[in-house]
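Chains as they are written, first to last, in full-length UniProt numbering: chain A, 1 to 118; chain B, 1 to 118.
Here the structure is laid out as structure tokens; the discussion comes afterwards.
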DNA sequence: TCAATAACTCAAGATCAATTGAGATGTAAG
DNA sequence: CTTACATCTCAATTGATCTTGAGTTATTGA
């Protein structure tokens with residue numbers, strides 16, 4: 001992920017409704033959710049929702065596919081992990097103060113930790 | 001870090017000049033840099049720079065202290081790692097697709113990996 | 001084909017963010 | 001005390017973003 005992509009992703013996530021949509025879709029898993037169901041969860045009108053979903057899709061954070069009458073949206077996991085990796089990258093120049101606590105917080109949850117590179 | 005703080009931080013980072021300032025200050029270390037030196041690195045006028053630095057400070061991403069005639073700005077590492085932890089948190093509900101690759105990217109750099117929680 | 005459903009598009013207005021330039025404030029040195 | 005320097009503050013302008021409401025397109029089933 002380069003700076004331009006990171007700025008697009010950060011801009012997309014810096015809006016309350018969009019951040020909530022992404023968090024909802026991440027927990028929804030690979031199948032995602034229909035636009036209508038997302039709108040209901042957000043309490044948003046269809047045109048407002050469409051505006052934010054289009055914004056997220058342009059930023060590469062979500063993807064869509066038609067499923068009958070509905071359009072299902074799902075999180076693009078690579079884009080999210082890419083953004084996080086981009087933010088973590090800065091500390092790799094001799095300043096592990098940022099990434100070490102961030103990664104340590106993972107140890108407190110159910111996520112599998114990767115093997116440390118020796 | 002709660003949602004409001006995360007939105008503030010994301011909003012602050014979603015602007016080219018501010019993202020660059022933060023990345024510059026992270027690599028600059030705990031001593032930070034004088035506003036003038038940051039402005040020179042960014043090619044920004046003093047009032048424009050002040051605007052962005054104030055924005056970053058309100059978001060909690062940088063802090064300032066006077067040093068003679070200058071004001072030195074430095075990165076707030078806790079805020080950055082807190083934001084990353086907030087973004088990583090989503091994957092802790094049974095969806096490690098986001099955090100695992102992000103953390104794996106750390107293995108490719110010079111950062112020390114924390115011990116996995118057993 | 002017709003009606004119903006799901007979601008998108010477009011234009012208008014409201015709100016918010018970024019840049020500029022002029023001027024003010026605080027600090028140090030002569 | 002005066003000058004120079006570093007930075008901040010304020011008002012004005014421009015541009016971007018968000019929301020709303022009306023209308024449109026696509027899909028399904030009767």
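Glycine included, each C-beta is placed from N, C-alpha and C at the ideal position.
Return helix, strand or coil for residue i, following the three-state DSSP convention.
| i | result |
| --- | --- |
| residue 26 (chain B) | helix |
| residue 14 (chain A) | coil |
| residue 33 (chain A) | strand |
| residue 67 (chain B) | strand |
| residue 75 (chain A) | strand |
| residue 113 (chain B) | In this predicted model, residue 113 (chain B) has a pLDDT of only 49, less than 50, meaning its place in the structure is not dependable enough to derive any value. |
Go through its chain and collect everything with a Cβ distance to residue i's Cβ below 6 Å, but skip five positions before and after it.
| i | result |
| --- | --- |
| residue 79 (chain A) | 60, 61 |
| residue 34 (chain A) | 70, 72 |
| residue 96 (chain A) | none |
| residue 18 (chain A) | 12, 52, 56 |
For residue i and residue j, I'd like the C-alpha separation in whole angstroms.
| i | j | result |
| --- | --- | --- |
| residue 26 (chain A) | residue 58 (chain B) | 29 Å |
| residue 98 (chain B) | residue 69 (chain B) | 45 Å |
| residue 83 (chain A) | residue 31 (chain B) | 27 Å |
| residue 44 (chain A) | residue 29 (chain B) | 43 Å |
| residue 100 (chain A) | residue 1 (chain B) | 16 Å |
| residue 3 (chain A) | residue 15 (chain A) | 19 Å |
| residue 89 (chain A) | residue 89 (chain B) | 19 Å |
| residue 54 (chain A) | residue 67 (chain B) | 47 Å |
| residue 46 (chain B) | residue 40 (chain A) | 46 Å |
| residue 64 (chain A) | residue 104 (chain B) | 27 Å |
| residue 102 (chain A) | residue 36 (chain A) | 35 Å |
| residue 76 (chain B) | residue 10 (chain B) | 14 Å |
Less than 7 Å between C-beta atoms, sequence neighbours within five positions excluded: which residues of the same chain meet that for residue i?
| i | result |
| --- | --- |
| residue 38 (chain A) | 21, 24, 49, 73 |
| residue 42 (chain A) | 17, 20, 21, 49 |
| residue 6 (chain A) | 83, 86 |
For residue i, would you say it is in contact with chain B, using Cβ-to-Cβ distances shorter than 7 Å as the test?
| i | result |
| --- | --- |
| residue 37 (chain A) | no |
| residue 76 (chain A) | no |
| residue 85 (chain A) | yes |
| residue 102 (chain A) | yes |
| residue 43 (chain A) | no |
| residue 2 (chain A) | no |
Cβ of residue i less than 7 Å from any chain A Cβ?
| i | result |
| --- | --- |
| residue 90 (chain B) | yes |
| residue 73 (chain B) | no |
| residue 80 (chain B) | yes |
| residue 97 (chain B) | yes |
| residue 11 (chain B) | yes |
| residue 14 (chain B) | yes |
Using C-beta distances below 8 Å, list every residue in its chain close to residue i, excluding the 5 sequence neighbours before and after it, in chain order.
| i | result |
| --- | --- |
| residue 119 (chain B) | Only positions 1 to 118 of chain B appear in the structure, and residue 119 (chain B) is not among them; the question remains open. |
Along the stretch 51-62 of chain A, where does the CB come closer than 9 Å to a CB of chain B? Name the residues.
none
Using a beta-carbon distance cut-off of less than 7 Å, what residues from the stretch 19-36 of chain A approach chain B?
19, 23, 26, 27, 29
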